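Single-structure report; data block below.
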Amino acid sequence: MTVPERLIEAATELFAAKGFDRVAVQEIVDRAGVTKGAMYHYFGSKDDLLSEIYGGVLRMQTERLEHFAAGDAPVAERLHAAAVDVVVTSIENFDQAKVYFRSADHLTEDKRREVRAERRRYHERFRALVEEGQRDGVFRADVPADLTVHYFFGTVHHLGTWYSPEGPLSAKQIGRHFADLLLASLRP
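Printed below as a string of structure tokens:
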């Protein structure tokens, strides 16, 4: 594991356990087994670490969404696959997402703006799949695509309040249920 990866992993664990504002840089470098100098070589601040914790997950999810969206399958299948994927990858990276949503207000305004812009690009690409299905007559068009996307991601972002890895459903099962509900709501 590289030094930046060790720092991100250590920061994620500590921020998830204690909260962003209760973790000192020294704790992060001690947990990662590096010096403060090494940390500051890769990250200018604790804020940069927080931004990268979620940014890395968001970039990965965006790459995966692009893969699904650009596929040859019918639009309903591509949207279903993308919806399952965002739930599964959110659960698989649960601590990173939880840390971000709990601590985003600690970021500088510039960092918050960057992350919001990345999330907006993701949502716009997801929305484009809904709009494609609406244009093709596969999905109902009487509900705005924006509203559909906000509704879906509101439920995804709410996972942190109730999901438990010890629960009866796997990440894939939850993802399929969420995707099934999304597509059922879009049927004409």
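Taking our numbering, I'd label the letters of the sequence shown as residues 2 to 189.
Don't be surprised by glycine CBs; every beta carbon is placed ideally from N, CA and C.
This structure is a prediction, so every number in the text was calculated from the model and none was measured.
Problem set entry | Length-filtered (4 minimum) alpha helix (DSSP H) runs lying within the region 67–100 | 76–93
Problem set entry | Under the three-state DSSP convention, the category V144 falls into | For the purposes of this step, residue 144 is taken as the residue at position 143 of the sequence shown. V144: coil per DSSP, three-state reduction.
Exercise. Mind checking whether K66 and F153 have CB atoms under 8 angstroms apart?
Worked result: Numbered from 1 along the sequence shown, position 65 holds the residue referred to as residue 66. Numbered from 1 along the sequence shown, position 152 holds the residue referred to as residue 153. It should be noted that the sequence gives Leu, not Lys, for residue 66. No, they are not a contact pair.
Exercise. Which ranges would you report for the beta strand (DSSP E) in the region 5–38 if only whole runs of at least 3 residues count?
Worked result: none
Exercise. In chain order, what residues of the same chain have a beta carbon less than 8 angstroms from the beta carbon of V35, not counting five sequence neighbours either side?
Worked result: Here the question's residue 35 lines up with position 34 in the sequence shown. Answer for V35: V4, R7 and L8, listed in chain order.
For this session: Classify L170 as buried or exposed, calling it buried when 16 or more other Cβ atoms lie within 10 Å of its own Cβ.
Result: Sequence index remark: in the sequence shown, residue 170 carries index 169 (1-based). Its Cβ having fewer than 16 others within 10 Å, L170 is exposed.
Problem set entry | When L160, E133, H159 and D137 are compared against D147, the one with the closest alpha-carbon | Start at 1 with the first residue of the sequence shown, and residue 147 comes out as number 146. Ranking L160, E133, H159 and D137 by Cα distance to D147 puts E133 first.
Problem set entry | N- and C-terminal bounds of the alpha helix (DSSP H) containing R177 | Counted from its first residue, the sequence shown places residue 177 at position 176. Looking at the DSSP string, the run of the alpha helix (DSSP H) that includes R177 is A172 to L187.
For this session: Go through its chain and collect everything with a Cβ distance to A74's Cβ below 7 angstroms, but skip five positions before and after it.
Result: Numbered from its first residue, the sequence shown carries residue 74 at position 73. No residues qualify anywhere along the chain.
Exercise. When the Cα atoms are used, what is the spatial distance from H178 to V144?
Worked result: As a position in the sequence shown, residue 178 is number 177, starting the count at 1. As a position in the sequence shown, residue 144 is number 143, starting the count at 1. Distance between the alpha carbons of H178 and V144: 21 angstroms.
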